[in-house]
Amino acid sequence: MLLGAIADDLTGATDLSLILSRAGMSVIQVVGVPDEGADFGNADAVVVALKSRTIPAAEAVEQSLASARVLRARGARQLYFKYCSTFDSTAEGNIGPVTDALLDLIGETRTVACPAFPQNGRTVYQGHLFVGSQLLSDSPMKDHPLTPMRDADLRRVLAAQTARPVDLVAHATVTQGVEAVAAALAEAEGIAITDAICNADLMTLGKALAGYGLVTGGSALALGLPQNFRAAGLLAKDAGNADFTAPKGPGIMLAGSCSAATRQQVARAEANGIATLALDPLAIASGETRIEDALAFVAAHAGDPRPPLLYSSADPEAVARAQEKLGRAQAGVVVEAFLSGVARKLAEAGTRRFIVAGGETSGAVVEALGAMAVRIGPEIDPGVPWVVSTDPVAPMALALKSGNFGCEDFFAKAWDMLA
1 MLLGAIADDL
11 TGATDLSLIL
21 SRAGMSVIQV
31 VGVPDEGADF
41 GNADAVVVAL
51 KSRTIPAAEA
61 VEQSLASARV
71 LRARGARQLY
81 FKYCSTFDST
91 AEGNIGPVTD
101 ALLDLIGETR
111 TVACPAFPQN
121 GRTVYQGHLF
131 VGSQLLSDSP
141 MKDHPLTPMR
151 DADLRRVLAA
161 QTARPVDLVA
171 HATVTQGVEA
181 VAAALAEAEG
191 IAITDAICNA
201 DLMTLGKALA
211 GYGLVTGGSA
221 LALGLPQNFR
231 AAGLLAKDAG
241 NADFTAPKGP
251 GIMLAGSCSA
261 ATRQQVARAE
271 ANGIATLALD
281 PLAIASGETR
291 IEDALAFVAA
301 HAGDPRPPLL
311 YSSADPEAVA
321 RAQEKLGRAQ
331 AGVVVEAFLS
341 GVARKLAEAG
351 TRRFIVAGGE
361 TSGAVVEALG
371 AMAVRIGPEI
381 DPGVPWVVST
391 DPVAPMALAL
401 KSGNFGCEDF
411 FAKAWDMLA
């Protein structure tokens, strides 16, 4: 194994796996902390998908360290800690605490933090994170139900989460090339926020990070890492995703994200004629809406050209009302349990294709389905591939989308790729 990655949510792990696969690495993605005796075969990269973004920091650290120890024991030459391209976190973590713990584990004192994903509109300039043309603090992320991001200055955000110094490698340095970046990183203290506004910047950063034991960032920072292993003669083959075959069978679309992007995608799905069922967390919690009701709705649309979409996606005002009644965390748990319960029942009845929007929702659904290891398939939209579970008896195809990712026509586009 060359690269061992730990992602704080499932869709981010899948995004990272896709990038590495496209760069010619053979990739295995596993869900949850891998067993100490896990066999990853001849994989060049192993990506561990945790559900640690919003759990207590101590638990996130524990799971991340346990994963890192397994990856290092299997020969990983470099560790990668992947978090969201919008730096989803709070003053308590979990980006800072996990980064600190991983640095301590490998005995190093320096790393970088770069959430930039230019292809999806996430750029970092002068240490500030932009979503498209907006500062992070002006974007819809300011109203995220679990990790509201109201400061675009990543140095301030990260400094609140770590006792280490937080430095900056500015864009003016990045444009000077690999040697300039390497020199700046050598002088930086602790964790260096690195600017990047295009893929060329990420490739430069990647080359400069060849000797680092730990790299942290969004998935796109990994663009520049495979070239280092290839240059060292460690990566010769081009594995790609040629062995991807989607299983036949019925499908379902599930959306738990309340991001602006997912809400737009739900609206477009409705406009495309996809049958939709809106789910209210309060009605679920009270028992007014039951899993059996959702299953009946799905059955009623079994003959549709595209499968139905069940969604709890709602605007910030509706989310706030649900959180006020149920509690901030419990409102999300209620929806995740419901959608994952629906997915489990449908799988038992023969559903084999699942399109899921939302990182937390995707994690809950995959756990319910028992799809704990997957192979990477074709890309639907930037950062979102189809994947297929490794179960030889009843494999399932899954499209697992971060709430903010995907084009407006995502649901129809994803389904039509396999139709």
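For the sequence shown, the UniProt record's numbering begins at 1 and goes up steadily by one. We put the CB at the ideal spot given by N, CA and C, even for glycine.
Rounded to whole angstroms, what's the CA-CA distance from residue i to residue j? Just pull it up for me.
i, j, result
"V30", "F410", "25 Å"
"S26", "G218", "20 Å"
"A60", "A5", "15 Å"
"A196", "D304", "44 Å"
"A371", "L400", "12 Å"
"A182", "R110", "12 Å"
"residue 506", "L277", "There is simply no residue 506 to check, as the chain begins at 1 and stops at 419 in what is shown."
"D151", "A349", "46 Å"
"D100", "T194", "17 Å"
"R22", "G41", "19 Å"
"V298", "L254", "11 Å"
According to DSSP, simplified to helix, strand and coil, what is residue i?
i, result
"D167", "strand"
"L10", "helix"
"T289", "coil"
"K207", "helix"
"E379", "strand"
"R328", "helix"
"F81", "strand"
"T262", "helix"
"A76", "coil"
"R122", "strand"
"M141", "helix"
"V33", "coil"
"K401", "strand"
Quick check on residue i: buried or exposed, where buried means 16 or more other Cβ atoms within 10 Å of its Cβ?
i, result
"L310", "buried"
"G287", "exposed"
"G107", "exposed"
"P56", "exposed"
"Q126", "exposed"
"residue 434", "Outside the displayed span of the chain (1 to 419) sits residue 434, for which this structure offers no information."
"G358", "buried"
"A236", "exposed"
"D104", "exposed"
"G406", "buried"
"K248", "exposed"
Assuming residue i and residue j are in contact, meaning their beta carbons sit under 8 Å apart, how far apart are those beta carbons, in whole angstroms?
i, j, result
"T351", "I252", "6 Å"
"I291", "K207", "Actually they do not touch by this definition, with Cβ atoms about 50 Å apart."
"A113", "I19", "A113 to I19, Cβ: 18 Å. No contact."
"T216", "F81", "4 Å"
"L79", "G224", "Contact flag wrong, Cβ pair sits at about 16 Å."
"S389", "P382", "At roughly 23 Å, the Cβ-Cβ gap does not stay under 8 Å, so S389 and P382 are not in contact."
"T14", "V356", "Wrong, their Cβ atoms sit about 10 Å apart, outside the cutoff."
Under DSSP, the alpha helix (DSSP H) around residue i begins and ends at which residues?
i, result
"F354", "Careful: F354 lies outside any alpha helix (DSSP H), inside the beta strand (DSSP E) at 353 to 357."
"A180", "178 to 187"
Just reading off the beta strand (DSSP E) that residue i is part of, what are its end residues?
i, result
"I193", "191 to 194"
"L106", "Note on residue identity: the sequence assigns Ile, not Leu, to residue 106. First-last for I106: 95 to 106, but that is the alpha helix (DSSP H), not the beta strand (DSSP E)."
"K385", "The sequence given here places Pro at residue 385; Lys does not occur at that position. Element bounds for P385: 384 to 389."
"M417", "Run containing M417: none in the beta strand (DSSP E); it sits in the alpha helix (DSSP H), 410 to 418."
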